[in-house]
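Trainee:
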Amino acid sequence: MTLKNPIALQKVLASIENKTLRLKTAVRSKITRPPRVIFPISFKLSVIISALIVVIIIITTAIYVRRERSRIISSMEEKAALLASQLAQSVFDTLSRNEFYISFNRDPNADTRDSLIADILINFRESSKTRDIIYIKLYDKEKTAAISEGGLSGNFPSVPLYSKELGKSREILPQFSRIGAEKDTELQYYKVFVARLLGLENTLYDLAWPVTRPGYAKALGEVHVGISQKGSNALVMATVFSNIILALSMIVTGILLSIPAAFFFTNPVAKIKNAMAAISEGNLDQELPVISRDELGVLTWNFNYMADGLREKEKMRDRFGKAVSEEIVEVMMRGAISLGGEDKSVAMLFSDIRGFTKLASYLNPAEVLEMLNEYFTVMEEIVKRNMGLVDKYVGDAMMAVFGAIDPNQDNEENACRAAVEMMCALEDFNAKRTAAGKKNLAAGIGINSGTVTAGMLGSRNRMNYTVIGDTVNMASRLCDAAATAGFSSILLSDTVYEKVRDIVKVRSGSMLLVKGKENPVHVYELLGIVNRRLGLKLKIDRIKKNGE
7 MTLKNPIALQ
17 KVLASIENKT
27 LRLKTAVRSK
37 ITRPPRVIFP
47 ISFKLSVIIS
57 ALIVVIIIIT
67 TAIYVRRERS
77 RIISSMEEKA
87 ALLASQLAQS
97 VFDTLSRNEF
107 YISFNRDPNA
117 DTRDSLIADI
127 LINFRESSKT
137 RDIIYIKLYD
147 KEKTAAISEG
157 GLSGNFPSVP
167 LYSKELGKSR
177 EILPQFSRIG
187 AEKDTELQYY
197 KVFVARLLGL
207 ENTLYDLAWP
217 VTRPGYAKAL
227 GEVHVGISQK
237 GSNALVMATV
247 FSNIILALSM
257 IVTGILLSIP
267 AAFFFTNPVA
277 KIKNAMAAIS
287 EGNLDQELPV
297 ISRDELGVLT
307 WNFNYMADGL
317 REKEKMRDRF
327 GKAVSEEIVE
337 VMMRGAISLG
347 GEDKSVAMLF
357 SDIRGFTKLA
367 SYLNPAEVLE
377 MLNEYFTVME
387 EIVKRNMGLV
397 DKYVGDAMMA
407 VFGAIDPNQD
417 NEENACRAAV
427 EMMCALEDFN
437 AKRTAAGKKN
447 LAAGIGINSG
457 TVTAGMLGSR
467 NRMNYTVIGD
477 TVNMASRLCD
487 AAATAGFSSI
497 LLSDTVYEKV
507 RDIVKVRSGS
517 MLLVKGKENP
527 VHVYELLGIV
537 NRRLGLKLKI
547 DRIKKNGE
């Protein structure tokens, strides 16, 4: 596919570039403002710390309360077992001293015996100082309740008995709900757990202890002590309540302390955020103290380093001002350009308006400046698009360099493409001038490549980045030769042609004697170049006075 009208391609490329620029502007406008903060880091950190405190305190309190409850109940059981064993011993000793047979059978002295035992039970209960004792019962060896003492003695049914002789309880009456039974091997007593006995609101413990005669294996009877868990439950509840109050106090204290702690850790982040906002508004005089040796300290140091770099770049921009192009300033700030000068392999392009002096005589100064500014604006965009840099403008001439900023292997090709596009753009430029009733322009372009010296040139008060050397002079001479022809043309040196001969179309070379050279040099007139990306060949239409 070939392009018949190169101007159409220029318009297409310009349209694509404009659309891309608008898209970038639209995207950039969406991110000019930072996102609104809904949950600050300090709030999140405070919530996390508070949650950890709450979880730890709840778990610790639950473990402590559970252990304390077990301790209280165990203490109550041990005390009740001790009371039962002491009571059984007292009953046996009393009966032995009064020479009664501890058979609990009916005999003439039964009333006296029962009276003695009843006194023992009553006195024992009063002296035990245990309010949780519900009843005390004495059973004979037939497991018949012989004597009882307590508020439930009149209607309290027989308790399922445990003894060394039987080894297990007899019939479990319907009035009882047995939770479990076990033997305590250390204290040698048997206990039965009875729940909600006869409407009681608290669990009842019935502890049985055998009444034995020394030297006899069989029990003569059993002493049963009924103890309510009400007291121990009240003690457990008091412990739980006090621990809950303590836990709540610790939770509230932890939450109150987590708030300033969170602000302490996030305060450097807030300062960095405010300083960044100030920098984004153009205030570069921002420096934060590094007060910690952690990640926040490193972040603060990096911020100060960034702010210092921005200040240095701003000073460099102010120092060079408009005298140096933005591209040069950017590269200088990256450190890619040596201010002292260095040799570089580049391609040079010179462009000059043919017959400008005569043309300017027909125009007033304002019209001349307007025409040149419009013309150079178009040409500079083409140079930039082809990775070139406009070094300077001298009257109606423009000097561009390819490879000074970003060295690459395609300097000659980029320069040739820029030259072809410049000629195509000149045709479009003239079309607009013709439509406005103005005179057309013709231009000459010279391209040469080789080694130049690049660096800052000027006085202490004002310096410009430029390139100098024989390569530059040769390109300028080729431009002069092209501009003196009867039409717009592009002249290439032999070194340039050797690099691009496979992608260009040229008019047969000729020998040209240029200023500063003793021998004629071989030059070529560039007529067109292949667009590798689009597969097109751009052709130059010569602009003549009287035709080709």
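Quick note: to get this note's numbering, add 6 to the position in the sequence shown (first position is 1).
Yeah, the Cβ is synthetic: ideal placement off N, Cα and C, and Gly gets one too.
These numbers come from a predicted model, not from an experiment.
1) Looking at C-alpha atoms only, which residue of I79, L302, N417 and A276 is the closest neighbour of L395?
2) Do you know whose CA, among V275, Q92, I139 and V506, lies nearest L51's CA?
3) Counting pairs of beta carbons, one from the segment 364-372 and one from the segment 420-438, are three or more of them closer than 8 angstroms?
4) Does A410 come out as helix, strand or coil in the three-state DSSP assignment?
5) Which same chain residues, not among the five before or five after A94, have their C-beta less than 7 angstroms away from its C-beta?
6) Starting from L498 and walking both ways along the beta strand (DSSP E), at which residues does that stretch end?
7) Go ahead and pull the three-state DSSP assignment for M393.
8) Would K350 and A410 be called neighbours here (beta carbons separated by less than 8 angstroms)?
9) Say whether the segment 368-377 touches the segment 498-512, bearing in mind that this needs 3 or more beta-carbon pairs closer than 8 angstroms, one atom from each stretch.
10) With DSSP run on the structure shown, which of helix, strand or coil describes D476?
11) Using 10 angstroms around the beta-carbon of S81, count the other beta-carbons present and answer buried if the total reaches 16, otherwise exposed.
12) Contact between the segment 248-267 and the segment 58-68: three or more CB pairs below 8 angstroms?
13) Helix, strand or coil: which one does DSSP assign to V200?
14) Which stretch, first to last residue, makes up the beta strand (DSSP E) that contains E348?
15) Report back the beta-carbon spacing between I285 and T306 to the nearest angstrom; my notes put them in contact at under 8 angstroms.
16) If I measure Cβ to Cβ from T477 and keep anything under 8 angstroms in the same chain, skipping five residues before and after, which residues do I get?
17) Can you check whether the CB of F382 is closer than 8 angstroms to the CB of M393?
18) What does DSSP give as the partner residue(s) for M405 in the beta ladder?
19) Where does the unbroken alpha helix (DSSP H) through N436 begin, and where does it stop?
20) How many angstroms separate the CA atom of V536 from the CA atom of D486?
21) According to the neighbour-count rule (16 or more other Cβ atoms, all chains shown, within 10 Å of its Cβ), is R360 buried or exposed?
22) Apart from the five residues on each side of it in sequence, which residues of its chain come closer than 6 angstroms, Cβ to Cβ, to E301?
23) Using a Cβ-Cβ cutoff of less than 6 angstroms, which residues in the same chain neighbour I261 once the five nearest sequence positions on both sides are dropped?
24) Would you kindly report the start and end of the unbroken beta strand (DSSP E) that includes N454?
25) Could you compute how far the alpha carbon of T272 sits from the alpha carbon of F49?
26) Quick test of your reading: E531 and R513, contact by CB under 8 angstroms. State the CB separation rounded to the nearest angstrom.
27) At what residues does the alpha helix (DSSP H) containing P274 begin and finish?
28) Tell me whether K521 is buried or exposed, calling it buried when 16 or more other Cβ atoms sit within 10 Å of its Cβ.
29) What separation, rounded to the nearest whole angstrom, lies between the Cα atoms of M385 and C430?
30) Is it right to say V400 is buried, meaning 16 or more other beta carbons lie within 10 angstroms of its own, or is it exposed?
31) With DSSP run on the structure shown, which of helix, strand or coil describes P295?
32) Could you compute how far the alpha carbon of E554 sits from the alpha carbon of F362?
33) For I535, which three-state DSSP category applies?
34) At a Cβ threshold of 8 angstroms, is V384 touching chain D?
Mentor: Looking at the coordinates:
1) Taking the sequence shown and counting its residues from 1, one reaches residue 395 at position 389. L395 has its Cα closest to that of N417, out of I79, L302, N417 and A276.
2) Within the sequence shown, residue 51 is the residue found at index 45, counting from 1. Checked all of V275, Q92, I139 and V506; the closest Cα to L51 is V275.
3) no
4) Taking the first residue of the sequence shown as 1, we reach residue 410 at position 404. Three-state result, A410: coil.
5) Locating residue 94 in the sequence shown gives position 88, counting from the first residue. If we look at A94 and ignore the five residues flanking it on each side, its Cβ neighbours are W215, P216, V217 and V229.
6) Residue 498 sits at position 492 when you count from the first residue of the sequence shown. Here the beta strand (DSSP E) through L498 covers S495 to S499.
7) Sequence index remark: in the sequence shown, residue 393 carries index 387 (1-based). Three-state DSSP puts M393 in coil, outside helix and strand.
8) As a working note, residue 350 is residue 344 in the sequence shown. As a working note, residue 410 is residue 404 in the sequence shown. In contact: K350 and A410 (Cβ atoms closer than 8 angstroms).
9) no
10) Along the sequence shown, read from residue 1 onward, the residue named residue 476 stands at position 470. The answer is helix: DSSP assigns D476 an H, G or I state.
11) Residue 81 sits at position 75 when you count from the first residue of the sequence shown. It counts as exposed.
12) yes
13) For the purposes of this step, residue 200 is taken as residue 194 along the sequence shown, with counting starting at 1. Only weak support exists for where V200 lies, its pLDDT of 39 falling under 50; the coordinates are left without a value.
14) For the purposes of this step, residue 348 is taken as the residue at position 342 of the sequence shown. Residues E348 to R360.
15) Position 279 of the sequence shown, counted from the first residue, corresponds to residue 285. Position 300 of the sequence shown, counted from the first residue, corresponds to residue 306. I285 to T306, Cβ: 14 angstroms. No contact.
16) Reading the sequence shown from its first residue, position 471 is the one you call residue 477. Within the same chain, T477 has close Cβ partners V352, M354, N454, S455, G456, T457 and V458.
17) Along the sequence shown, one-based indexing puts residue 393 at 387. Along the sequence shown, one-based indexing puts residue 382 at 376. For M393 and F382, no; Cβs fall outside 8 angstroms.
18) For the purposes of this step, residue 405 is taken as residue 399 along the sequence shown, with counting starting at 1. F356 and K398.
19) Here the question's residue 436 lines up with position 430 in the sequence shown. N417 to A441 is the extent of the alpha helix (DSSP H) around N436.
20) Position 530 of the sequence shown, counted from the start, is the residue given in the question as residue 536. Position 480 of the sequence shown, counted from the start, is the residue given in the question as residue 486. Using only the alpha carbons, I get a separation of about 26 angstroms.
21) In the sequence shown, counting from the first residue as 1, residue 360 sits at position 354. So R360 counts as buried.
22) The count along the sequence shown starts at 1 and reaches residue 301 at position 295. Closer than 6 angstroms at Cβ, skipping near neighbours: no residue.
23) On the sequence shown, position 255 is the one that residue 261 refers to. Here the set comprises S56.
24) Residue 454 sits at position 448 when you count from the first residue of the sequence shown. Unbroken beta strand (DSSP E) run through N454: A448 to G464.
25) Looking up residue 272 in the sequence shown gives position 266. Looking up residue 49 in the sequence shown gives position 43. Roughly 10 angstroms separates the two Cα atoms.
26) One-based indexing of the sequence shown puts residue 531 at position 525. One-based indexing of the sequence shown puts residue 513 at position 507. Sure, about 4 angstroms apart at Cβ, within 8 angstroms.
27) Taking the first residue of the sequence shown as position 1, residue 274 is located at position 268. Start and end: K236 to S286.
28) Translated into positions along the sequence shown, residue 521 becomes position 515. Counting Cβ neighbours within 10 Å, K521 comes out exposed, since fewer than 16 surround it.
29) Translated into the one-based positions of the sequence shown, residue 385 becomes position 379. Translated into the one-based positions of the sequence shown, residue 430 becomes position 424. Approximately 10 angstroms, taken between the alpha carbons.
30) In the sequence shown, counting from the first residue as 1, residue 400 sits at position 394. It is exposed - the Cβ of V400 has fewer than 16 other Cβ atoms within 10 Å.
31) Here residue 295 is taken as the residue at index 289 of the sequence shown, counted from 1. The answer is coil: DSSP assigns P295 none of H, G, I, E or B.
32) Residue numbering aside, residue 554 sits at position 548 when the sequence shown is read from its first letter. Residue numbering aside, residue 362 sits at position 356 when the sequence shown is read from its first letter. Low per-residue confidence applies at E554: pLDDT is 37, beneath 50, and the placement is therefore not dependable enough to give any value.
33) Residue mapping note: residue 535 aligns to position 529 of the sequence shown, counting from 1. In the structure shown, I535 sits in a strand (DSSP, three-state: E or B).
34) Given the protein chain composition of this structure (a single chain), no chain D is represented.
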